[in-house]
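These protein sequence lines map, in sequence, to chains A and B. The opening residue of the first sequence carries number 1 in this note's numbering; numbering runs sequentially from there. The opening residue of the second sequence carries number 162 in this note's numbering; numbering runs sequentially from there. Reviewing the structure listed below.
Protein chains: 2
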Amino acid sequence: MNIGQAATASGVTAKMIRYYESIGLIEPPIRTQAGYRVYTAEEIHELRFIKRARTLGFSIEEARELLALWRDKSRASADVKTFAMKHVRDLETKIDELQAMSRTLRHLAQTCHGDDRPECPILADLALPDARQPPAEKKRGKAKTHADCTCDEGDTFSRRH
Amino acid sequence: MNIGQAATASGVTAKMIRYYESIGLIEPPIRTQAGYRVYTAEEIHELRFIKRARTLGFSIEEARELLALWRDKSRASADVKTFAMKHVRDLETKIDELQAMSRTLRHLAQTCHGDDRPECPILADLALPDARQPPAEKKRGKAKTHADCTCDEGDTFSRRH
DNA sequence: GCTTGACCTTACCATTATGGGAAGCACCAT
DNA sequence: ATGGTGCTTCCCATAATGGTAAGGTCAAGC
Numbered sequence: 001m002n003i004g005q006a007a008t009a010s011g012v013t014a015k016m017i018r019y020y021e022s023i024g025l026i027e028p029p030i031r032t033q034a035g036y037r038v039y040t041a042e043e044i045h046e047l048r049f050i051k052r053a054r055t056l057g058f059s060i061e062e063a064r065e066l067l068a069l070w071r072d073k074s075r076a077s078a079d080v081k082t083f084a085m086k087h088v089r090d091l092e093t094k095i096d097e098l099q100a101m102s103r104t105l106r107h108l109a110q111t112c113h114g115d116d117r118p119e120c121p122i123l124a125d126l127a128l129p130d131a132r133q134p135p136a137e138k139k140r141g142k143a144k145t146h147a148d149c150t151c152d153e154g155d156t157f158s159r160r161h
Numbered sequence: 162m163n164i165g166q167a168a169t170a171s172g173v174t175a176k177m178i179r180y181y182e183s184i185g186l187i188e189p190p191i192r193t194q195a196g197y198r199v200y201t202a203e204e205i206h207e208l209r210f211i212k213r214a215r216t217l218g219f220s221i222e223e224a225r226e227l228l229a230l231w232r233d234k235s236r237a238s239a240d241v242k243t244f245a246m247k248h249v250r251d252l253e254t255k256i257d258e259l260q261a262m263s264r265t266l267r268h269l270a271q272t273c274h275g276d277d278r279p280e281c282p283i284l285a286d287l288a289l290p291d292a293r294q295p296p297a298e299k300k301r302g303k304a305k306t307h308a309d310c311t312c313d314e315g316d317t318f319s320r321r322h
């Protein structure tokens, strides 16, 4: 079983198999005299495990931990479950974020005529002076230190509400 | 308005502002004699536009197109709407993927006792021989070309369904 | 034996968007 | 003059993957 066949058998590309080896996710397999990597059924199984974990959205580092749990025959299933549920929460956080984006855009698009006139609430929203999104507070005093500034600054910046 | 202030005013870090300039997303601002970048209110506005687009999940390249539409006073709102809805579909595709992952993991976790015993359906699933996920078809014949292969290959590979 | 094509090897580069740091100059207040 | 903060550029790193190039290998056909 050399790498190309390991790839089709596991669903992990040859490129990625070598990569996983390079980062120590999998052990270096034995080699033929010519230097070809040779994989055992066991190793293919491991690759498939990794593939499945990736498909479920686990990062490579998370896959590494899952592999460790898998190999540890004395693990407690509670540990696996905790780990999995943590990931579920991560996924759902991400889902919520994406849904918020989608919802906002959908609303905006709904109010957009979508004809050949230029007026567009979508662009209008994007161009809002400040949609009070991020609570990005910085520790800075008056912030008025620039010297030979040539810019025209009206009250533009006090407008950030 | 030099870069630090432009950053706080727009919500885009100074690092990113320079980056956006380097990739031509924004025009290079004028400079003081000393080489300091100086931003106009207009440019801050533009940065805020970009920031908002990014917050809504548009990629930088998409933000570039939105900026172009914004600047083009003769755009048709239909174009903007189409663009936005395309993005909404992208978002929802992503959401669906994440939800599929979440659902699967949740189901698995549900059947996991989560005690101190090692038996765990989550790991068992990950270790499944082949969960017939990807339709990864490759154009290859018998695929049995290796020479001095030392691996034990039972029927392991014919097992992939 | 020699050629050919498919396969393997390593090494390097690119991607996306962002952060971090170093070295050095600029500005401003004391 | 000195110090602190901010600016400059340049380089590196991240996560996971794909691509390419240059070269060795293997099996098969002539």
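All C-beta atoms, glycine included, are put in the ideal place defined by N, C-alpha and C. Source: prediction; values computed, not measured.
Compute the beta-carbon to beta-carbon distance between residue i and residue j, rounded to the nearest angstrom, for a pair I have assumed lies under 8 angstroms.
i        : j        : result
B/His288 : A/Phe49  : A small correction: the amino acid at residue 288 of chain B is Ala; His does not occupy that position in the sequence shown. So it is a contact: roughly 5 angstroms between Cβ atoms.
A/Pro118 : B/Arg236 : 5 angstroms
Taking 6 angstroms as the limit between beta carbons, can you name the residues of its chain near residue i, skipping five residues before and five after?
i        : result
A/Leu66  : Ala53
B/Lys247 : none
B/Thr323 : Lying before the first or after the last residue shown, residue 323 of chain B is absent from chain B, which here runs from 162 to 322.
Note down the Cα distance separating residue i from residue j, rounded to an integer number of angstroms.
i        : j        : result
A/Asp96  : B/Met162 : 36 angstroms
A/Glu21  : A/Glu27  : 6 angstroms
A/Ile30  : A/Lys73  : 25 angstroms
B/Ala261 : B/Gln194 : 56 angstroms
B/Tyr180 : A/His45  : 43 angstroms
A/Ser102 : B/Glu253 : 7 angstroms
A/Lys94  : B/Gly172 : 21 angstroms
A/Gly4   : A/Ala41  : 14 angstroms
A/Ala6   : B/Leu259 : 28 angstroms
B/Leu186 : B/Val249 : 23 angstroms
B/Ile221 : B/Pro282 : 41 angstroms
B/Ile178 : B/Ile184 : 10 angstroms
A/Gly35  : A/Ala9   : 21 angstroms
B/Glu204 : B/Phe244 : 24 angstroms
A/Asp71  : B/Thr216 : Position check: residue 71 of chain A holds Arg in this sequence, whereas Asp was assumed. Approximately 41 angstroms between the Cα atoms of the pair.
B/Glu223 : B/Leu208 : 14 angstroms
A/Asp90  : A/Lys15  : 28 angstroms
From the DSSP secondary-structure annotation, give me the bridge partner or partners of residue i.
i        : result
B/Glu191 : In the sequence as presented, Glu is not what sits at residue 191 of chain B; that position holds Ile. Answer is B/Val199.
Under 8 angstroms Cβ to Cβ from residue i, same chain only, skipping five residues before and after it: list those, please.
i        : result
B/Val199 : Met162, Asn163, Pro190, Ile191, Arg192, Thr193
A/Leu69  : Arg75, Asp79, Val80, Phe83
Going along the chain, which residues of its own chain have a beta-carbon closer than 7 angstroms to the beta-carbon of residue i, five neighbours each way excluded?
i        : result
B/Ala285 : none
A/Lys51  : Ser10, Gly11, Val12
Verify the contact flag: residue i, CB atom, against every heavy atom of the ligand SAH, threshold strictly below 7 angstroms.
i       : result
A/Gln33 : Questions concerning the ligand SAH fall outside what the structure shown contains, since it holds no ligand whatsoever.
Handout entry: Inter-stretch contact at 8 angstroms, needing at least 3 Cβ pairs: the segment 233-251 of chain B / the segment 114-126 of chain A
Key = yes
Problem - the segment 97-110 of chain A contacting the segment 262-271 of chain B, beta-carbon criterion three pairs below 8 angstroms - result: The segment 97-110 of chain A is not in contact with the segment 262-271 of chain B.
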